[in-house]
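For reference, the structure is listed below as structure tokens.
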Amino acid sequence: MRSYLSKMVTSTQLPEREERAEHIADAGYNVFNLSSSDVFIDLLTDSGTGTMSDEQWAALFRGDEAYAGSSSFEALEDAVKSVMGFEHVVPAHQGRGAENVLYGTLFESDDVVPNNTHFDTTRAHVANAGAEPVDCPVDGAMDPDASGDFKGNLDIDAVRSLVEDRGAASVPAIILTITNNSAAGQPVSVENTRKASDLADELDVPLVIDACRFAENAYFVTQREPGYEDATVAEVAREQLSYADALVMSAKKDGITNIGGFVAVRDPELFERVKQRAILYEGFSTYGGMAGRDIEALAVGLQEAVEDEYVAQRIGQTQELGERLAAAGAPIYQPLGGHAVYLDAEALLSHLPLAKYPGQALVVELYREGGVRGVELGSFAFPDTDRPELVRLALPRRRYHREHLDHIVETVTAVMEHAESVPGYEVVWEPPRKELRHFSAELEPV
Ligand SMILES: Cc1ncc(COP(=O)(O)O)c(C=O)c1O
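Residues 43 to 488 in this note's numbering are what the sequence shown spells out, letter by letter.
Encoded structure:
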């Protein structure tokens with residue numbers, strides 16, 4: 043069983059109730075506008091918010107800041123090769139930088155790109171390259187109550203229909219996002235990955251895996267997929283990624299670093315094209331916008347991410363939080379995903395119609411009640427789409443302890459107790475780009 047000892051601490055303070063009410067009003071009822079020093083428990087994201095190990099901190103000192111060909115880059119190449127099975131790596135400053143580099147190289151106008159579900163930045167980069175992003179999740183992926191071990195899977199038949207409709211020549215790649223962040227962090231099976239790879243081979247296009255949470259996905263496979271009961275997380279990760287022709291990676295997740303990312307490819311010719319675009323947007327192809335010390339810490343983080351005991355503890359914490367919230371009567375997306383617990387705000391604040399943003403109302407109330415910052419992923423973040431009204435409580439890696447889980451459960455329970463008095467909201471200001479409005483829009487209670 044894995045546990046962690048503290049070597050350095052940061053103190054946090056729960057602001058008084060009246061102060062919290064003032065802070066959230068000053069923030070225009072949008073938690074992205076809060077100062078982190080006013081947040082007691084920050085569950086906004088698991089991206090770049092984890093705690094590095096002592097080995098990673100030690101690695102920082104080995105950082106080689108050479109502009110080209112640094113030894114830190116060689117350490118990253120070795121780690122990507124041994125953990126993920128890819129020879130050719132191009133660093134990027136974070137996941138969306140990697141997406142820009144790979145998708146800008148692969149896609150052209152009028153292409154159509156299937157994905158189990160595009161994450162926001164993926165969707166934006168596919169569209170930015172002139173292509174059309176099409177989500178092909180399996181049935182039930184968007185239903186918080188549907189059962190299923192691999193609700194993150196790609197609907198292979200839906201991809202086939204898309205190919206028939208639009209013509210094989212307009213599909214330049216298939217993307218598989220593991221775990222499926224936009225479908226409540228649900229995992230993708232190895233079997234589904236193999237089928238996606240077979241289809242990509244038939245079409246003679248690359249299978250790209252968005253590998254942000256590849257280790258968490260592999261853990262679910264060991265727990266749920268027949269035939270993998272005795273496999274290690276590292277073995278499953280290697281096998282699952284072996285079906286991909288290219289990877290995009292935000293190292294801020296399963297690289298357990300605070301910043302960074304990379305593209306990895308098999309084809310030497312694609313590698314050359316990716317390097318050229320990386321030089322244009324990210325930096326020379328052996329540092330790609332990252333400091334050598336961060337690359338060095340990433341090389342260590344990737345190896346830690348596939349340690350069985352680490353990932354069991356990591357997913358175990360999410361499961362524990364979810365099970366305790368469910369036991370307290372909170373409506374949550376089932377089954378629990380890897381990096382977050384998703385509350386069903388439409389059920390929790392059932393007196394509020396969708397037009398009054400129950401998800402955002404719940405996010406505001408969690409802050410007002412307990413200084414807990416979650417994020418809305420429903421009608422406020424994704425206007426004009428048919429998504430469940432979810433509030434995500436994302437757990438940073440190796441950061442919080444059981445006393446924090448206690449506080450989160452108490453906060454959600456207290457909100458449930460006075461749910462009927464929670465007001466709805468209206469948007470009073472939004473930026474011109476509606477798809478990005480939840481980052482900066484302002485609201486008022488109605
Ligand atoms: C599945 C997925 N892809 C891509 C990204 C983008 O990564 P980054 O935030 O490092 O740019 C994220 C970030 O949350 C993600 O979850």
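We put the beta carbon where it would ideally sit given N, CA and C, even for glycine.
Fill in: 7 Å Cβ shell around P57 - same chain, five flanking residues per side excluded
H65, D80, G413
Worksheet item: Is it the case that the CB of N157 approaches a heavy atom of ligand 1 more closely than 7 Å?
Response: no
Item to complete: Decide yes or no for the touch test of the region 127-139 against the region 368-384: beta carbon pairs closer than 8 Å, at least 3 of them.
Response: no
Worksheet item: Should the region 282-302 be regarded as contacting the region 266-274, the criterion being three or more beta carbon pairs within less than 8 Å?
Response: no
Fill in: Proximity to A260 [Cα-Cα], best of R104, K237, A347
A347
Discussion item. Please classify S292 as buried or exposed, where buried requires at least 16 neighbouring CB atoms within 10 angstroms.
Written reply: buried
Item to complete: Could you please go through the chain and list the residues whose beta-carbon is closer than 6 Å to any non-hydrogen atom of ligand 1?
Response: S89, Q136, G137, R138, F161, T163, T164, T219, N223, D252, C254, S292, K294, G303
Worksheet item: Measuring CB to CB, does G127 end up less than 8 Å from S114?
Response: no
Fill in: C-alpha distance - L437 paired with L245, whole-angstrom precision
38 Å
Worksheet item: In the structure shown, what three-state DSSP assignment does H130 receive?
Response: strand
Worksheet item: Three or more beta-carbon pairs under 8 Å between the region 309-327 and the region 151-161, yes or no?
Response: no
Worksheet item: Using the C-alpha atoms, what's the distance from D252 back to N222?
Response: 9 Å
Item to complete: Could you round the C-beta distance between I337 and L118 to whole angstroms and report it? I think they count as a contact, below 8 Å.
Response: 5 Å
Item to complete: Reducing DSSP to helix, strand and coil, say where Y384 ends up.
Response: strand
Discussion item. Just checking: is the beta-carbon of Y109 within a distance shorter than 8 Å of some beta-carbon in chain C?
Written reply: The structure shown contains no chain C, having only a single protein chain.
Practice prompt. Report the option in G379, E468, F192, E411 whose CA atom is closest to the CA atom of G364.
Written response: G379
Worksheet item: Candidates D177, D153, V180: which alpha carbon is nearest A171's?
Response: D153
Worksheet item: Who are the Cβ neighbours of L204 in its own chain at under 8 Å, not counting the five residues just before and after it?
Response: V154, P156, V176, C178, V213
Practice prompt. Mind reading off the beta-carbon distance from I220 to V230? Whole number of angstroms is fine, and I expect it under 8 Å.
Written response: 5 Å
Item to complete: Out of M332, R138, L485, P473, point me to the one whose CA is closest to P465's CA.
Response: L485
Discussion item. Which complete beta strand (DSSP E) runs does the region 198-224 hold, if anything under 3 residues is left out?
Written reply: 216-219
Practice prompt. Note down, in chain order, each residue of its chain lying with its Cβ closer than 6 Å to the Cβ of R315, except the 5 sequence neighbours on either side.
Written response: T147
Fill in: Contiguous beta strand (DSSP E) assignments of at least 3 residues, all confined to the region 108-195
130-134, 154-157, 174-177
Item to complete: Grab me the residues of M458's own chain with a C-beta within less than 8 Å of its C-beta, minus the 5 sequence neighbours each way, in chain order.
Response: A370, G371, A372, L390
Worksheet item: Applying the criterion that 16 or more other CB atoms from any shown protein chain within 10 Å of the CB defines a buried residue, is V51 buried or exposed?
Response: exposed
Discussion item. Buried or exposed for V417, going by 16 or more other Cβ atoms inside 10 Å?
Written reply: buried
Worksheet item: So is P37 buried or exposed if we call it buried at 16+ other beta carbons inside 10 Å?
Response: Since the first and last residues shown for the chain are 43 and 488, residue 37 lies out of range.
Item to complete: Tell whether a beta-carbon distance below 8 Å holds between A225 and A257.
Response: no
Worksheet item: Where in the region 349-428 do unbroken runs of the beta strand (DSSP E), each at least 3 residues long, occur, reported from the N-terminal end onward?
Response: 382-386, 417-419
Discussion item. Quick check on DSSP: helix, strand or coil for E277?
Written reply: helix
Worksheet item: Pairing CB atoms from the region 81-100 with CB atoms from the region 439-455, are three or more of them under 8 Å?
Response: yes
Item to complete: Would you mind giving the Cβ-Cβ distance between V122 and L344, rounded to the nearest angstrom? I have them listed as a contact below 8 Å.
Response: 7 Å
Practice prompt. Please determine, among S421, P430, Q361, K193, the residue with the shortest C-alpha to C-alpha distance to K476.
Written response: S421
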